[in-house]
Each structure stands twice: as C-alpha cells, then as structure tokens.
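Here is the structure we will look at, set down as structure tokens.
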Amino acid sequence: MVPADPAVGLGAMCYTAMCCWCSSAYCWVLPFCDRALLYLQELAEELTSVCQQPAPTESPQEPQRVQRKRRRKKEKEDDDSDDPTQDADFVPSKDVLLQEEEEEEEESEADLSEESEMEPLWGHSVRTSSGGRSKPLCRGVAPNGFHNSIMAPVEKCSSLTFSLREQVHSQWEFPDWIPLAHNWMCLSERYCGHEAAPYLPVEEKSPLFSIQREGLEDGGALYRLNRFNSLQPHEERRDTAFFVGGPIWAMEWCPTPEGAVAAQYVALYCHRTMEETHSVEGLHQGPALLQLWGLGTLQEGSADRAGLAYAIAADHGCVWDMKFCPSGAWEPPSSSTKHPRMSRLGLLAAAFSDGSVVLYALPHPGALQSCSAGKWLYLCSVSLQVQPTTTLQVGSIQAGSATECGQCFSLSWMPSRPHQHLAAGFYDGTVAIWNLLTASPLQRVSYANGSLQLYPFQCFLAHDHAVRSIEWCKANSNFLVTVGNDRKIKFWDLRRLYEPINSIKRFLSTEVAWLLPYNGVTVAQDNCYASYGLCGIHYIDAGYLGYKAYFVAPRKGTVWSISGSDWLNTVAAGDITGELVAAVLPDLAVNPLSVKRTSDRRFPVYKADLLPCSPAVPGSSEPVLPRTRHYSEMVATAYVQFRDTDLRSFKNFPSREPMRRMHKQEGKAELSLDRLQLEALHKVSRPVASRSTVSGSAVASAGSRHRGSAPQGLAVLWDVRSVWGTHPQPRAQTSGGGSVSAPTRVGHGWPSPH
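The opening residue of the sequence shown carries number 1 in full-length UniProt numbering; numbering runs sequentially from there.
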C-alpha cells in the first residue's frame with residue numbers, strides 16, 4: 001500500500017532502513033560485548049579467589065541472631081506503618097523488652113570477643129571491600145605500647161631500607177683519599193698554647209643544669225661541666241651530657257657499616273663565644289674548631305663515657321653545615337696500614353662562611369694518637385694535604401670567582417654509590433654540584449704543593465634568596481629538593497633543570513627531611529608566616545600523587561630543625577620552646593588525610609625549661625626570670641632543667657605526665673621573646689646508617705640578615721630503641737657482627753639580639 005502523502009512514505013522508508021541497519025549492527029556488537037563481559041567476570045572471580053581469605057566458620061547461633069534481627073526490623077517497619085488502623089500505644093510489652101535486652105547482650109558479647117582477640121605483633125588480617133580489593137587491618141598492641149596500626153609502617157620502612165641499602169651502599173669508596181700522618185700538625189694546648197688559643201671556645205664552664213627523669217627520684221641535683229667534659233651515662237636510661245664550649249651550629253653522626261659493633265663518633269662545630277653573630281651577606285674568614293666526640297659502642301650494658309677524641313683547627317670561618325659520606329668511607333681501626341697511611345674513620349664535608357666546601361679524610365683516633373703521643377688538637381692545613389683535604393669552589397678555572405655566590409649554608413651528599421656527587425646551597429640562591437671523581441682538567445686542578453681543588457660540573461639558580469636546606473632523594477639520585485628563604489620548596493629533576501618539577505610557596509621553612517619510602521618531604525617551619533594553629537611539622541607531597549599537606553605535629557613556636565629516620569619511619573624536631581618531639585609517620589604512600597588520632601603517633605623525648613636559681617620574689621607566686629638578653633647575666637641567675645621521658649616503653653602513654661604536658665603546650669605554650677632563650681633547641685641530626693634518631697643543638701635567627709646564637713653549648717644523648725619494640729631487626733653481615741644501638745642526642749641554644 002502506498003501512502004497518500006509522499007513525505008510520509010519517504011519517512012517510513014527511511015525509518016525502515018534505519019531499523020534494519022541498527023538491528024544488524026546490534027547483532028554484530030552483542031556477541032562481542034557478551035564475550036568481554038564474560039572475560040571481565042572470570043578475571044574478577046579469579047582475583048577475588050586469590051585476595052580473599054576463606055571466611056571463618058560461623059557458629060550455629062549467628063544465623064539465628066541475624067534472622068531475629070531481620071524479623072525484628074520487619075516488625076518495627078510494620079509498627080511504624082502509617083495505617084491508622086494499625087496504630088498502637090507506645091508502651092512496649094515485657095516480652096519485647098526482654099527480647100531486646102537479650103539481643104543487646106549478645107551483640108555486646110560478640111563485639112568484646114572480637115576486640116579481645118589480640119593479634120600478635122605486626123599481625124595483620126585482610127579486610128575485603130565490595131570491589132574485591134584487600135586492605136590490611138591491624139589489631140592489638142605491640143609490646144612497646146604502640147598500636148599495631150602505628151607500628152605496621154615501621155616494619156615496611158625498615159625492610160625497605162635494609163634491602164635498598166644493600167643495593168646502593170658500598171663497602172669501600174674513594175680509595176685514594178686516605179689520611180696521612182705527615183699532613184696532621186699537632187697544636188697541643190699544653191706545649192703550644194699560643195697557637196691553639198685562637199681556635200678554642202672561650203667559655204670554660206657550662207651553665208647550671210639538672211636532669212629530671214620520669215619515674216625516678218634524682219633529688220634535683222645541679223650539674224656544671226668543664227669545657228670538653230661529660231657526665232657518666234645513667235645506668236638505666238643510658239643518657240649522658242657533655243659541654244663543647246660554645247653554641248653548636250652543625251653536627252653530624254659518623255656512619256658505620258650496619259651491624260658492626262664499633263665505637264660511635266659525632267662531629268660538631270661551635271662558635272668561640274656565646275654571643276657571636278655573623279652577617280649572611282658577606283664572607284667571613286677566621287679560626288674555626290671542628291670537634292670529634294667519641295661515644296663508645298653504645299651497646300646494651302656498656303657505660304662508655306663521652307669524650308673529645310680530637311679537634312681540627314681550620315681558618316675558613318664558621319661552619320654552617322657538615323655531612324659525612326653515607327657509605328664506603330669507614331674501615332676497621334685494626335686494619336693494617338703502612339706509615340704514613342692511617343686507618344680512615346670517614347670522609348667529612350664542611351660548608352664554611354668563606355664560601356668554600358672542604359673535604360676532610362678523618363683518621364681513627366687511635367691511629368692519630370699513636371703518631372702524635374696522645375695530643376688531641378690538630379691543625380689540618382689544606383696546603384699540606386694531597387688527597388685527604390680537598391677544596392670545592394664555585395666558578396671555573398678561567399671565569400668566575402669563589403666569592404660570587406656568597407656563603408655556603410647547606411650540603412647534601414649523593415646517597416647512592418659511588419657517592420661521587422656533592423650538592424651545596426649558597427646565599428644568592430645558587431645550587432652547585434661537584435663530581436668528586438672527575439678527571440677533567442676543567443673541573444680538577446692539582447697544585448704543586450699537593451693540594452686539590454674541584455669546580456662544579458652543574459650550577460643553577462634555585463631560589464631568589466639563600467638556600468636554607470637541600471636533600472637528595474634516596475630512592476633515585478636524579479631528584480633533589482631545595483628550601484630557600486624565599487618561602488619556596490622546590491623539587492628538581494637534575495636531567496631537566498630549566499624548571500622545577502614542583503614549586504610550593506607556603507611558609508618560611510627551616511629544614512627539610514626526605515625519608516626513603518615516600519614521594520615527599522617532611523618540613524620544619526618558622527612561625528613568622530604560619531597561620532594560627534598551623535605552625536609545626538608538615539609533610540609535603542612532591543606533586544606526583546597530588547596529596548594535600550599532612551600535618552604531622554603542631555608546634556607553638558618556630559621549629560628550627562628536623563631529622564628523619566628511614567629505619568623507624570620517624571621524624572624528630574626541636575623548637576624554640578625547648579621541646580624535642582618525635583612522630584611515627586603513617587604510610588604516606590596512601591592518602592594521609594584519612595589518618596585518625598594523629599596525636600597518638602607523636603611523643604616527647606624531653607623538655608627543657610629555664611628556671612631561676614633564687615626563690616620567688618616577695619609578693620609573687622612564681623619565681624621570676626630576669627628579662628635580659630646577655631648570656632653572662634642569664635646563667636648567673638637561672639639554670640636549665642631537662643625533663644626526660646621514659647622511652648623504654650610506651651604503654652599507657654596517653655595518660656602519662658609527659659604526654660599530657662606536650663598536648664597542653666602545643667596550643668598554650670608561652671613564648672618569652674623578651675629574654676634570652678636559653679632552653680631553645682635549634683638543631684636535630686640522626687645517624688646515617690643506624691636504626692636511631694639523634695638530635696643536637698644549634699641556633700639560627702631565621703628571617704633576618706644575621707645568623708647569631710648564644711647557646712649553652714650542652715649536648716645530651718638519649719636512647720630511643722624502644723620504638724623498635726620486639727620487631728625483628730635486619731642485620732648486615734659484617735666482620736664485627738652484632739647490631740648498632742639507637743641513640744638520640746640533643747643540644748640547646750637560642751638566638752642572640754641583633
């Protein structure tokens with residue numbers, strides 16, 4: 001039949017043709033979709049069977065209880081019906097009340113039984129989501145007192161750190177840089193006092209201080225140490241203290257092979273006077289003293305007293321930073337060497353205020369004392385040394401000047417073998433990188449007197465102002481992070497330096513720590529640009545994962561320094577209020593915004609308070625401290641009290657006095673900026689190759705044109721091995737055997753007036 005209207009006929013024909021085409025296409029697509037869906041269904045079932053553990057057998061009472069719940073729910077729905085004919089009085093019968101009480105008792109008993117089933121340490125169960133993805137679920141409390149959910153990332157980080165160190169660390173590097181006996185000239189104070197005096201700290205006695213240990217009655221005894229003297233370690237807590245003579249500005253732990261039972265050493269630098277200041281704009285030259293302190297083996301039961309092993313006198317000005325070679329620079333002190341070669345303790349790079357970076361090949365104290373009749377102060381002359389002391393300068397042979405970039409404030413040694421690259425940050429925002437193994441005549445200059453001078457192979461302008469901190473990525477040495485006084489944190493790919501990977505402008509950062517497993521850095525900040533309540537320690541993602549900043553720990557005042565431990569997944573920071581706080585980080589490979597109860601992850605190591613020596617003034621309830629900024633006036637009327645936390649166990653830690661004090665002072669601590677901050681903590685460091693966290697003291701006035709300090713010059717050692725609990729620690733197979741202990745070390749200082 002032909003329609004009367006031609007247009008209608010044409011539309012019907014087009015509609016018929018379209019339906020035929022669609023039906024044919026549908027017939028072709030349908031089998032393909034069915035096959036794809038069938039394949040995806042089989043793949044999902046296979047993954048679910050692998051990830052999901054067999055469900056536990058349920059007791060015969062559980063289905064009945066579920067049925068009763070469903071039946072009761074249905075009865076409630078019927079009772080809540082809107083039908084007016086089914087309305088009843090809102091007075092439940094006795095049978096209904098008894099039934100509800102029985103159900104509540106059964107549910108509470110089931111919940112308690114689930115909570116009481118404590119998993120063993122590091123015990124994980126698998127919680128399967130609706131999508132078939134398994135997630136670890138930690139229950140129970142570890143033997144050290146922390147919850148297993150807090151300790152689980154520690155296990156992951158320790159295993160990863162141990163495996164990566166076996167890959168990137170070396171047993172022996174830089175074989176040509178060996179300390180030689182004839183390059184070390186003795187400046188004994190006893191025989192050559194006029195030569196040693198310009199390098200020695202002026203202060204000969206420490207301020208008064210006391211140590212109050214949690215759980216122990218010490219009687220409040222006051223101590224005063226002579227210069228270069230120390231206290232005997234406590235027999236239970238193993239903490240100790242020693243006086244270096246001046247404000248500590250830089251400190252670094254000498255690395256030893258993991259697992260070797262060897263003496264531990266700490267290198268540090270302090271100013272000569274307590275109120276010395278330096279301008280950051282110009283270069284400074286003058287006498288400086290690098291001290292090497294021996295702490296003993298730090299093994300369980302050992303009571304080795306800290307002592308000054310030897311000191312190095314230099315003429316390059318003050319030291320702002322120092323770094324040891326991460327691995328391959330230590331050899332056993334009993335290694336057989338021929339005179340004048342001495343067994344090497346480590347390779348130390350020091351950043352000086354004259355703009356140069358100097359490398360020292362440090363010998364073991366025993367080898368040096370055998371060549372110099374036990375004298376402890378030595379002048380290491382750059383002009384006399386061939387390889388052990390090497391000077392690194394910016395510029396080049398034909399162009400540039402060593403003074404054009406200003407002072408060097410930060411150093412970082414490449415963490416992976418052969419550790420041939422060393423990066424440094426300067427006052428004008430320049431970052432320079434040297435190749436220590438280069439043979440190029442454009443970068444390596446040897447002089448007739450045997451001295452060696454190296455020039456960088458790479459320089460770039462990283463910031464608009466001084467580079468305050470610099471760190472390599474431990475997992476990939478192509479990446480670097482820099483922190484400057486321009487309030488920016490920049491992540492760099494050394495293969496593409498035309499622009500940073502990510503640039504973040506948040507606040508004035510003081511120091512940065514890049515832990516091994518994570519794609520981001522933990523940053524300490526000054527409170528001058530911080531919003532109210534947001535000053536403290538932050539974790540900043542590099543930009544790859546796109547996570548927001550994670551607030552690790554709030555601090556009331558400026559956090560001057562921070563350091564992280566790859567073994568413990570822990571960061572430690574010291575602030576202007578005199579408190580050293582440590583925090584166990586969560587698994588930052590997952591978005592940390594879902595982490596609950598972050599306050600349970602941080603704990604105080606110690607708190608320093610400045611107290612007056614004289615009783616309270618008549619008419620006042622509390623003793624009054626003098627409002628002075630001079631060191632001599634303050635130490636004459638006040639003393640420092642260290643309140644130590646018992647870190648042997650964290651059981652019932654939230655209810656203990658140090659934890660309550662920390663939470664109270666996080667938001668309400670008083671900052672007395674009109675007096676000398678004698679109790680402030682300004683530098684934190686940790687061992688490079690041990691499972692521990694160490695802290696020390698230095699002072700810097702951030703955000704000003706001067707870097708000054710007037711600290712007490714005290715350094716204190718704490719033990720934080722309890723963070724490990726009973727977790728099995730990995731051990732490296734070395735000739736010494738055993739394991740290295742985990743200390744924490746603290747020192748103090750405060751900014752001087754400008």
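Positions of the beta carbon are idealized from the N, C-alpha and C atoms, including for glycine. These numbers were taken from a predicted model, which means no experiment stands behind them.
Which residues DSSP lists as bridging Ile504, in chain order: Looking up residue 504 in the sequence shown gives position 504. Answer is Ile489.
Could you pull the start and end residues of the beta strand (DSSP E) that Asn435 belongs to? The residue given as residue 435 occupies position 435 in the sequence shown. In this chain, the beta strand (DSSP E) harbouring Asn435 covers 430 to 435.
Inter-residue spacing [alpha-carbon to alpha-carbon] between Tyr606 and Asp600: One-based indexing of the sequence shown puts residue 606 at position 606. One-based indexing of the sequence shown puts residue 600 at position 600. Approximately 17 Å, taken between the alpha carbons.
Other residues of its chain near Ser343: CB distance less than 6 Å, five sequence neighbours each side excluded: Here residue 343 refers to the residue found at position 343 when the sequence shown is read from its first residue. Same-chain partners within the cutoff: Glu331, Pro333, Ser335, Thr337, His364, Ala367.
Quick check: what's the CA-CA separation for Thr577 versus Leu681? As a first step, residue 577 is located in the sequence shown; it is residue number 577 there, counting from the start. As a first step, residue 681 is located in the sequence shown; it is residue number 681 there, counting from the start. One C-alpha to the other measures close to 7 Å.
Please report the residue range of the beta strand (DSSP E) in which Met185 lies. Numbered from its first residue, the sequence shown carries residue 185 at position 185. Looking at the DSSP string, the run of the beta strand (DSSP E) that includes Met185 is 184 to 186.
Following the continuous alpha helix (DSSP H) through Arg661, name the residue where it begins and the one where it ends. Locating residue 661 in the sequence shown gives position 661, counting from the first residue. Counting along the chain, the alpha helix (DSSP H) containing Arg661 begins and ends at 657 to 668.
For Gly543, which residues of its own chain have a beta-carbon under 6 Å away from its beta-carbon, when the five flanking residues on both sides are left out? Translated into the one-based positions of the sequence shown, residue 543 becomes position 543. Asn502.
Does the region 208 to 226 come within contact of the region 280 to 299, defined as at least 3 CB pairs closer than 8 Å? Between the region 208 to 226 and the region 280 to 299 there are fewer than three inter-stretch CB-CB distances shorter than 8 Å, so the stretches are not counted as touching.
Just tell me which of Val521, Gln369, Pro247 has its CA closest to the CA of Glu203. For the purposes of this step, residue 203 is taken as residue 203 along the sequence shown, with counting starting at 1. Measuring from the Cα of Glu203, the nearest candidate turns out to be Pro247.
Let me confirm a value: His169 is counted as buried when at least 16 other C-beta atoms fall within 10 Å, else exposed. Which label applies? By 1-based counting over the sequence shown, the position of residue 169 is 169. Buried.
Please tell me whether Ser451 and Val512 are closer than 7 Å, where the distance is taken between their beta carbons. Your numbering for residue 451 matches position 451 in the sequence shown. Your numbering for residue 512 matches position 512 in the sequence shown. No, the pair does not count as a contact, with Cβ atoms beyond the cut-off.
What's the gap between the Cα of His663 and the Cα of His419? The residue you call residue 663 lines up with position 663 of the sequence shown. The residue you call residue 419 lines up with position 419 of the sequence shown. Their Cα atoms are separated by approximately 42 Å.
Any idea if Arg35 is buried or exposed, counting beta-carbon neighbours within 10 angstroms, 16 or more meaning buried? Indexing the sequence shown from 1 puts residue 35 at position 35. Arg35 counts as exposed, since fewer than 16 other C-beta atoms from the protein chains shown sit within 10 angstroms of its C-beta.
Can you round the beta-carbon distance between Leu308 and Ala350 to whole angstroms, since I take them to be within the 8 Å contact cut? Within the sequence shown, residue 308 is the residue found at index 308, counting from 1. Within the sequence shown, residue 350 is the residue found at index 350, counting from 1. In fact, because the Cβ distance is near 18 Å, the residues do not count as touching under 8 Å.
What residue range is occupied by the uninterrupted alpha helix (DSSP H) comprising Leu611? Reading the sequence shown from its first residue, position 611 is the one you call residue 611. Leu611 -> not in any alpha helix (DSSP H); beta strand (DSSP E) instead, spanning 602 to 612.
Identify which residue in Ile150, Pro143, Asn144 has its Cα closest to the Cα of Arg597. In the sequence shown, counting from the first residue as 1, residue 597 sits at position 597. Looking at the Cα atoms, Ile150 is the closest of the given residues.
Helix, strand or coil for Ala424? Go by DSSP, reduced to three states. Stepping through the sequence shown from its first residue, residue 424 is reached at position 424. Here Ala424 sits in strand by DSSP.
What are the complete beta strand (DSSP E) segments, minimum 3 residues, inside the region 235 to 296? 240 to 243, 248 to 253, 264 to 270, 277 to 279, 288 to 296
State yes or no: is the C-beta of Gly574 within less than 7 Å of the C-beta of Leu568? Counted from its first residue, the sequence shown places residue 574 at position 574. Counted from its first residue, the sequence shown places residue 568 at position 568. No, they are not a contact pair.
Bounding residues of the beta strand (DSSP E) (the contiguous stretch that carries Pro554): Here residue 554 refers to the residue found at position 554 of the sequence shown. Counting along the chain, the beta strand (DSSP E) containing Pro554 begins and ends at 550 to 554.
Is it buried or exposed for residue 776, if we count other Cβ within 10 angstroms and need 16 for buried? In the structure as shown, the chain begins at 1 and stops at 754. Residue 776 is therefore absent and cannot be evaluated.
Report the rounded CA-to-CA distance for His38 versus Trp434, giving the unit in angstroms. For the purposes of this step, residue 38 is identified with residue 38 of the sequence shown, where counting begins at 1. For the purposes of this step, residue 434 is identified with residue 434 of the sequence shown, where counting begins at 1. Position check: residue 38 holds Leu in this sequence, whereas His was assumed. Approximately 59 Å between the Cα atoms of the pair.
Does the Cβ of Asp674 have 16 or more other Cβ atoms within 10 Å, making it buried, or fewer, making it exposed? As a working note, residue 674 is residue 674 in the sequence shown. The residue in question, Asp674, is exposed, as its Cβ has fewer than 16 Cβ neighbours within 10 Å.
Of the residues Asp719, Lys683, Gly425, which one's Cα is nearest the Cα of Thr645? The residue you call residue 645 lines up with position 645 of the sequence shown. Comparing Cα positions, the closest option is Asp719.
Does DSSP put Cys138 in a helix, a strand or coil? Residue 138 sits at position 138 when you count from the first residue of the sequence shown. Of the three classes helix, strand and coil, the one that applies to Cys138 here is strand, per DSSP.
Taking just the CA atoms, how far does Gly140 sit from His630? Here residue 630 corresponds to residue number 630 of the sequence shown, with the count starting at 1. Here residue 140 corresponds to residue number 140 of the sequence shown, with the count starting at 1. Looking at the two C-alpha atoms, the distance is approximately 52 Å.
For the 8 Å Cβ check, are there 3 or more pairs between the region 233 to 252 and the region 268 to 275? Yes, the region 233 to 252 touches the region 268 to 275.
Taking three-plus beta-carbon pairs below 8 Å as touching, is the region 290 to 307 in contact with the region 260 to 271? yes
Provide the residue(s) that pair with Gln453 in DSSP beta bridges, ordered along the chain. Taking the sequence shown and counting its residues from 1, the one referred to as residue 453 is at position 453. BP columns for Gln453 point to Thr391, Val445.
Starting from the C-beta of Leu610, find all residues in its chain whose C-beta is less than 7 Å away, skip the five residues before and the five after it, and write them out in chain order. Along the sequence shown, one-based indexing puts residue 610 at 610. Excluding residues within five positions, the ones whose Cβ falls inside 7 Å are Leu625, Ala638, Val640, Leu678, Glu679.
Validate contact between the region 460 to 479 and the region 437 to 446 using beta carbons, cut 8 Å, 3 pairs: no
By a C-beta neighbour count over all protein chains shown, 10 Å radius and 16 as the cutoff for buried, is Glu657 buried or exposed? To locate residue 657, count along the sequence shown from 1; it is residue 657. By the 16-neighbour rule on beta-carbons within 10 angstroms, Glu657 is exposed.
Compute the Euclidean distance between the alpha carbons of Gly713 and Gly425, then round it to the nearest angstrom. Numbered from 1 along the sequence shown, position 713 holds the residue referred to as residue 713. Numbered from 1 along the sequence shown, position 425 holds the residue referred to as residue 425. About 26 Å.
With a threshold of 16 other CB atoms inside 10 Å of the CB of Trp492, please say whether the residue is buried or exposed. Taking the first residue of the sequence shown as 1, we reach residue 492 at position 492. That one is buried.
Limits of the unbroken alpha helix (DSSP H) element including Pro153: Locating residue 153 in the sequence shown gives position 153, counting from the first residue. Pro153 -> alpha helix (DSSP H) spans 148 to 168.
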